[in-house]
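**Student:** These protein sequence lines are chains A and B, in that order. Numbered according to our numbering, the first sequence spans residues 1 to 119. Numbered according to our numbering, the second sequence spans residues 120 to 235. Beta carbons are placed, not taken as given, at the ideal position from N, Cα and C, and that holds for glycine.
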Amino acid sequence: GAVVSQHPSWVICKSGTSVKIECRSLDFQATTMFWYRQFPKQSLMLMATSNEGSKATYEQGVEKDKFLINHASLTLSTLTVTSAHPEDSSFYICSANTLLRVLTVNEQFFGPGTRLTVL
Amino acid sequence: AQTVTQSQPEMSVQEAETVTLSCTYDTSENNYYLFWYKQPPSRQMILVIRQEAYKQQNATENRFSVNFQKAAKSFSLKISDSQLGDTAMYFCAFMKVNNAGNMLTFGGGTRLMVKP
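1. What is the DSSP secondary structure of Asp145 of chain B, counted as helix, strand or coil?
2. If you run the structure through DSSP and keep just helix, strand and coil, what is Glu87 of chain A?
3. Measure the C-alpha to C-alpha separation of Ile12 of chain A and Ile21 of chain A and round it to an integer number of angstroms.
4. Evaluate contact between the segment 104-119 of chain A and the segment 2-19 of chain A, counting only Cβ atoms and requiring at least three cross-stretch pairs below 8 Å.
5. Which of helix, strand or coil does DSSP assign to Pro203 of chain B?
6. Report the option in A:Leu76, A:Ala56, A:Lys41, A:Ser43 whose CA atom is closest to the CA atom of Phe67 of chain A.
7. Counting only Cβ-Cβ distances shorter than 9 Å, please list the residues of the segment 206-227 of chain B near chain A, keeping chain order.
8. Whole angstroms is fine: what's the gap from Ser161 of chain B's alpha carbon to Ala207 of chain B's?
9. Alpha carbon to alpha carbon, what distance is there between Gln202 of chain B and Val4 of chain A?
10. Nearest CA to the CA of Phe183 of chain B: which residue from B:Tyr173, B:Ile168, B:Phe194?
11. Could you tell me which chain B residues have their CB closer than 8 Å to the CB of Phe67 of chain A, listed as they occur along the chain?
12. Does the CB of Glu107 of chain A have a neighbour CB from chain C at under 8 Å?
13. Note down, in chain order, each residue of its chain lying with its Cβ closer than 7 Å to the Cβ of Glu148 of chain B, except the 5 sequence neighbours on either side.
14. First and last residue of the beta strand (DSSP E) that includes Lys234 of chain B?
15. What residue from A:Met47, A:Thr78, A:Gly16 has the CA that sits closest to His7 of chain A's CA?
16. Quick check: the Cα distance between Asn94 of chain A and Gly226 of chain B, rounded to an integer number of angstroms?
17. Looking at the structure shown, is Lys64 of chain A part of a helix, part of a strand, or coil, going by DSSP?
Dropping the structure here:
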């Protein structure tokens with residue numbers, strides 16, 4: 001398989017607090033991980049791309065100081081929403097890609113998503 | 120930059136019938152991949168089918184097939200013998216091939232309802 005997990009699956013937090021979301025590739029080494037945000041009834045919007053051991057590349061309009069991404073190992077990437085506000089409430093999805101498996105080099109494997117609600 | 124357009128926000132089909140979802144894209148690339156993903160109510164993204172741009176033959180996966188028209192930049196999905204479990208959001212996606220991690224660009228999605 002090529003399984004990607006996310007934790008937590010849902011989180012509720014107070015405005016002003018920080019929330020960390022973990023994305024793990026369980027049975028493969030993810031050379032690249034992607035973070036998406038999906039608002040209700042909308043498509044997935046790419047927030048950032050991260051390669052293991054290097055700084056993430058953020059899409060235009062995404063605040064890098066607010067959405068901290070760390071990809072410290074080939075199996076783990078984290079997204080920290082700092083000083084969360086109600087407008088950050090959304091569904092966050094990670095995906096992983098690997099250049100180390102020839103048959104699936106051009107495929108992204110998606111995590112189940114994390115629903116964030118900021119009160 | 121690439122753009123992907125799905126012109127049908129919502130569609131419905133009777134169980135056992137056939138439905139076609141439309142997708143067009145814009146790119147200056149010659150080497151790329153196209154995908155259809157399904158997102159059921161659980162919101163887990165599921166790969167339905169993919170097409171390599173360099174292949175002329177349309178991809179097929181059981182009841183799912185595509186009509187890939189490279190010159191027209193069109194990539195429609197046909198679902199045959201629709202089943203209730205096919206009810207979901209369907210996203211068309213474009214992937215440019217490079218060695219720096221392969222980024223997906225998604226269309227706006229089509230909500231498909233299969234009616235009994």
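**Tutor:** If we stick to the structure as given:
1. Here residue 145 of chain B refers to the residue found at position 26 of the second sequence. Strand at Asp145 of chain B.
2. In the first sequence, residue 87 of chain A corresponds to position 87, counting from 1. Helix.
3. Residue 12 of chain A sits at position 12 when you count from the first residue of the first sequence. Residue 21 of chain A sits at position 21 when you count from the first residue of the first sequence. Spanning the two alpha carbons is a distance of roughly 12 Å.
4. yes
5. Against the second sequence, residue 203 of chain B aligns to sequence position 84. Looking at the sequence provided, one finds Leu at residue 203 of chain B rather than Pro. In the structure shown, Leu203 of chain B sits in a helix (DSSP, three-state: H, G or I).
6. Here the question's residue 67 of chain A lines up with position 67 in the first sequence. Of the listed residues, the one whose Cα sits closest to Phe67 of chain A is A:Ala56.
7. Met208, Phe210, Ala212, Met214, Val216, Asn218, Ala219, Gly220, Asn221, Met222, Leu223, Thr224, Phe225, Gly226, Gly227
8. The residue given as residue 161 of chain B occupies position 42 in the second sequence. The residue given as residue 207 of chain B occupies position 88 in the second sequence. Approximately 9 Å, taken between the alpha carbons.
9. On the first sequence, residue 4 of chain A is found 4 positions in, with the first residue counted as 1. On the second sequence, residue 202 of chain B is found 83 positions in, with the first residue counted as 1. Cα to Cα, the separation comes out at about 27 Å.
10. In the second sequence, counting from the first residue as 1, residue 183 of chain B sits at position 64. Answer by Cα proximity: B:Ile168.
11. In the first sequence, counting from the first residue as 1, residue 67 of chain A sits at position 67. Within chain B, no residue comes near Phe67 of chain A; the closest Cβ sits about 17 Å away, beyond 8 Å.
12. The structure shown has no chain C; the protein chains it does contain are A and B.
13. Numbered from 1 along the second sequence, position 29 holds the residue referred to as residue 148 of chain B. Once the five neighbours on either side are set aside, the close Cβ partners of Glu148 of chain B are Lys215.
14. Reading the second sequence from its first residue, position 115 is the one you call residue 234 of chain B. Element bounds for Lys234 of chain B: 229-234.
15. As a position in the first sequence, residue 7 of chain A is number 7, starting the count at 1. With distances taken between Cα atoms, His7 of chain A lies closest to A:Thr78.
16. Start at 1 with the first residue of the first sequence, and residue 94 of chain A comes out as number 94. Start at 1 with the first residue of the second sequence, and residue 226 of chain B comes out as number 107. It should be pointed out that residue 94 of chain A corresponds to Cys in this sequence rather than to Asn. For Cys94 of chain A and Gly226 of chain B, the distance between alpha carbons rounds to 17 Å.
17. What you label residue 64 of chain A is simply residue 64 of the first sequence in a count that begins at 1. Coil, per DSSP.
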